[in-house]
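Student: Okay, here's the structure, questions in a sec.
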Amino acid sequence: MAQGIQYLCSKCGYSIEAWSDGNPYYLDKAGQKQYAYHPDHESLEKCIGNDSPFLCLACGKQFLVDSNNPTDCCPDCGSKDISDTFILNGKSCPICKQGKLNKDSNYSVIS
Ligand SMILES: [Zn+2]
Ligand SMILES: [Zn+2]
Numbered sequence: 005m006a007q008g009i010q011y012l013c014s015k016c017g018y019s020i021e022a023w024s025d026g027n028p029y030y031l032d033k034a035g036q037k038q039y040a041y042h043p044d045h046e047s048l049e050k051c052i053g054n055d056s057p058f059l060c061l062a063c064g065k066q067f068l069v070d071s072n073n074p075t076d077c078c079p080d081c082g083s084k085d086i087s088d089t090f091i092l093n094g095k096s097c098p099i100c101k102q103g104k105l106n107k108d109s110n111y112s113v114i115s
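Sequential numbering of the sequence shown, starting at 5, is according to our numbering.
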């Protein structure tokens, strides 16, 4: 089961959604990356890696980080100030640079 949450900027209202389990993937016969989603347990069992959504706290770019080929900097601006989107609580807002991102307690989805 995946849990969805949302973070809101206290200043500008910027919001970003995050999911607890990223994007598990497996490779098909052709070597292409295929994502497995709930409730497809057969595919999930074949998964060999996970693409986790990250946010660049410097420029606001959202991108995926492959667990088998991790990166520690933003593909757009090269900043090392990046964070997994699921653990953004209390981080500075990348848009206005003044507010802080807080978990929206009214927002919760389960898939
Ligand atoms: Zn903001
Ligand atoms: Zn960046």
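No residue lacks a Cβ here, since even glycine has one placed at the ideal position from N, Cα and C. Predicted model only: the values in this text are computed from it and were never measured.
1. Go ahead and pull the three-state DSSP assignment for SER83.
2. Please determine whether the Cβ atom of ASP80 lies at a distance below 8 Å from any heavy atom of ligand 2.
3. Using CA coordinates, which residue listed in ASP88, ASP108, GLN102 is at the minimum distance from GLY26?
4. If you run the structure through DSSP and keep just helix, strand and coil, what is ILE52?
5. Which whole-angstrom value is the C-beta distance of SER71 and GLY82, which I expect to be below 8 Å?
6. Since ALA22 is in the beta strand (DSSP E), which residue starts that stretch and which ends it?
7. Taking all protein chains shown into account, decide if CYS60 is buried (16 or more other Cβ within 10 angstroms of its Cβ) or exposed.
8. What's the gap between the Cα of TYR11 and the Cα of PHE90?
Tutor: Checking against the coordinates, here is how it stands:
1. In this structure, SER83 counts as coil in the three-state DSSP scheme.
2. Ligand 2 has a heavy atom closer than 8 Å to the beta-carbon of ASP80.
3. Taking only the C-alpha atoms, the option nearest GLY26 is ASP88.
4. In this structure, ILE52 counts as coil in the three-state DSSP scheme.
5. No, SER71 and GLY82 are not in contact; Cβ-Cβ is about 21 Å, not under 8 Å.
6. 19-23 is the extent of the beta strand (DSSP E) around ALA22.
7. Classification of CYS60: buried, given that the 10 Å Cβ count is 16 or more.
8. If you take the alpha carbons of TYR11 and PHE90, they lie about 9 Å apart.
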